[in-house]
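Student:
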Amino acid sequence: MVLTFPLFYFKLIDLVVFRLHHIIFTLITEMIKEFQYTFNELGIEKEDISVLMGFEESLIPDPFSELIEQALKNIPINSCIKGGYKIFSSDESSINKNTITICHHKFNPSKVVINQFKNASSFCLFICTAGPEISQYSKEISDNGDALLSYICDIIGSVTVEKATDKIQKSLEFECQKSGLNISDRFSPGYCEWSVSEQKMLFSLMPENFCGVSLSETSLMSPIKSVSGIIAIGKGLEQKGYQCNWCAEKNCIYGKIKRRKKT
Numbered sequence: 248m249v250l251t252f253p254l255f256y257f258k259l260i261d262l263v264v265f266r267l268h269h270i271i272f273t274l275i276t277e278m279i280k281e282f283q284y285t286f287n288e289l290g291i292e293k294e295d296i297s298v299l300m301g302f303e304e305s306l307i308p309d310p311f312s313e314l315i316e317q318a319l320k321n322i323p324i325n326s327c328i329k330g331g332y333k334i335f336s337s338d339e340s341s342i343n344k345n346t347i348t349i350c351h352h353k354f355n356p357s358k359v360v361i362n363q364f365k366n367a368s369s370f371c372l373f374i375c376t377a378g379p380e381i382s383q384y385s386k387e388i389s390d391n392g393d394a395l396l397s398y399i400c401d402i403i404g405s406v407t408v409e410k411a412t413d414k415i416q417k418s419l420e421f422e423c424q425k426s427g428l429n430i431s432d433r434f435s436p437g438y439c440e441w442s443v444s445e446q447k448m449l450f451s452l453m454p455e456n457f458c459g460v461s462l463s464e465t466s467l468m469s470p471i472k473s474v475s476g477i478i479a480i481g482k483g484l485e486q487k488g489y490q491c492n493w494c495a496e497k498n499c500i501y502g503k504i505k506r507r508k509k510t
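So that you can map any letter, position 71 of the sequence shown is 318 in the working numbering, and since no number is skipped, the others follow by simple counting.
#1: Taking S431 and A377 to be in contact with their CB atoms under 8 angstroms, please state how far apart those CB atoms are, rounded to whole angstroms.
#2: Quick check on I322: does DSSP put it in helix, strand or coil?
#3: So K417 is in the alpha helix (DSSP H); what residue range does that whole segment cover?
#4: Quick one: is K417 near chain D, going by C-beta distance under 8 angstroms?
#5: Going straight from the alpha carbon of T276 to that of L419, what length do you get?
#6: Let me check understanding here. Comparing Cα to Cα, which of S385, K280, F282 lies closest to P323?
#7: Which residue's Cα is closest to the Cα of Q383: E292, H352, G404?
#8: Between which two residues does the alpha helix (DSSP H) carrying K231 extend?
#9: Can you tell which of N325, G437, Q317 has the C-alpha that lies nearest to the C-alpha of N287?
#10: Pick helix, strand or coil for Q486, following the three-state DSSP scheme.
#11: To the nearest angstrom, how far is the alpha carbon of K414 from that of V298?
#12: Do I381 and T407 count as a contact pair if the criterion is CB distance below 8 angstroms?
#13: Do you know offhand how far K344's Cα is from L449's?
#14: Is the closest heavy atom of the ligand FMN to the C-beta of Y438 under 7 angstroms?
#15: Any chance the segment 456-471 sits against the segment 364-377, with 3 or more Cβ pairs inside 8 angstroms?
#16: Taking the Cβ atom as the reference point for each residue, do I557 and F370 lie within a distance shorter than 8 angstroms?
#17: Looking at N355: is its Cβ nearer than 8 angstroms to the Cβ of T346?
#18: Find the nearest neighbour of Y284 within the set I402, K410, P308, judged by alpha-carbon distance.
#19: Kindly indicate which residue of G331, Q317, N429 has the alpha-carbon position closest to the one of M278.
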């Protein structure tokens with residue numbers, strides 16, 4: 248005997264599934280998530296540093312290979328690496344062809360960012376820091392006269408905050424997938440022709456001194472090795488990874504490497 252069910256039951260099941268997804272996502276958006284990592288948890292490799300110095304991954308000339316190993320070994324293991332995010336639901340945020348609005352604050356990123364966010368139904372703001380310890384260690388080395396080792400330690404600080412933010416982004420992606428949603432790449436004020444001054448709005452939407460990061464009047468973050476930005480959430484989004492051709496920022500270390508390889 249073949250059982251048949253009225254169309255009503257299928258519609259009811261679809262409605263229940265939709266409501267469950269909505270409830271799960273509502274629970275996610277009502278939470279501010281914070282994370283803390285040890286330096287070793289980030290799994291930073293020698294090659295992560297050498298690439299940003301302009302070397303091929305497997306071709307690190309002397310004395311740089313040994314210096315990188317030395318720096319990684321001596322980096323303060325008690326670094327206060329923290330980060331977190333806050334999601335703003337579709338009721339609190341929107342996007343049009345020029346602006347992103349979050350809780351009545353209007354962000355004006357470049358068209359590059361708008362195009363990557365155009366299928367968003369909600370938005371996530373994030374802040375992450377490597378803490379002050381690595382930068383302080385780099386300065387101490389510089390003060391002692393070893394400019395090259397200090398430079399390597401400074402790069403390690405940059406890699407540290409990016410690796411930590413990668414982990415936070417992965418956590419966000421996992422949470423959103425529970426509701427059948429995807430996320431975009433992350434974008435930050437100051438890059439892709441997006442005014443760094445809009446970090447003030449971003450910080451105003453987060454708890455004060457979130458994860459120990461503060462903002463100066465000139466929109467510089469403290470500790471120095473910190474990042475902030477926006478990630479879009481929605482069904483029609485995808486992550487494309489670093490696309491340096493999108494951005495004209497001359498001081499970005501990733502862009503510098505890309506341009507150097509072209510010459």
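The beta-carbon is built from N, C-alpha and C at its ideal position, and this holds for glycine as well. It should be emphasised that the depicted structure is a prediction, and the values quoted were computed from it without experimental measurement.
Tutor: Taking the coordinates as given:
#1: Here residue 431 refers to the residue found at position 184 of the sequence shown. Here residue 377 refers to the residue found at position 130 of the sequence shown. Not really, about 23 angstroms apart at Cβ, beyond 8 angstroms.
#2: Your numbering for residue 322 matches position 75 in the sequence shown. I322 falls in the coil class under three-state DSSP.
#3: As a working mapping, residue 417 is identified with position 170 in the sequence shown. Taken as a continuous stretch (DSSP letters only), the alpha helix (DSSP H) holding K417 covers 394-424.
#4: Absent from the structure: chain D. Only one protein chain is present.
#5: Here residue 276 refers to the residue found at position 29 of the sequence shown. Here residue 419 refers to the residue found at position 172 of the sequence shown. Residue placement at T276 is flagged as unreliable, the pLDDT there being 48, under the threshold of 50; the coordinate-derived value follows with that caveat. Rounded to whole angstroms, T276 to L419 spans 11 angstroms at the Cα level.
#6: For the purposes of this step, residue 323 is identified with residue 76 of the sequence shown, where counting begins at 1. Answer by Cα proximity: S385.
#7: Mapped onto the sequence shown, residue 383 falls at position 136. Per the Cα distances, G404.
#8: In this structure the chain extends from 248 to 510, so residue 231 is not present and cannot be described.
#9: Residue 287 sits at position 40 when you count from the first residue of the sequence shown. N287 has its Cα closest to that of N325, out of N325, G437, Q317.
#10: For the purposes of this step, residue 486 is taken as residue 239 along the sequence shown, with counting starting at 1. Correct three-state label for Q486: coil.
#11: Position 167 of the sequence shown, counted from the first residue, corresponds to residue 414. Position 51 of the sequence shown, counted from the first residue, corresponds to residue 298. For K414 and V298, the distance between alpha carbons rounds to 20 angstroms.
#12: On the sequence shown, position 160 is the one that residue 407 refers to. On the sequence shown, position 134 is the one that residue 381 refers to. For T407 and I381, yes; Cβs fall inside 8 angstroms.
#13: Along the sequence shown, one-based indexing puts residue 344 at 97. Along the sequence shown, one-based indexing puts residue 449 at 202. Distance between the alpha carbons of K344 and L449 is about 20 angstroms.
#14: With respect to the ligand FMN, the structure offers nothing, as it holds no ligand at all.
#15: Touching, yes.
#16: The structure shown does not extend to residue 557, since the chain is modelled only from 248 through 510, so no value can be given for it.
#17: Residue 355 sits at position 108 when you count from the first residue of the sequence shown. Residue 346 sits at position 99 when you count from the first residue of the sequence shown. With respect to the 8 angstroms criterion, N355 and T346 are classified as neighbours on the basis of their beta carbons.
#18: Along the sequence shown, one-based indexing puts residue 284 at 37. Of the candidates I402, K410, P308, the one whose C-alpha sits nearest the C-alpha of Y284 is K410.
#19: Sequence index remark: in the sequence shown, residue 278 carries index 31 (1-based). When the alpha-carbon of M278 is set against those of G331, Q317, N429, the nearest one is in G331.
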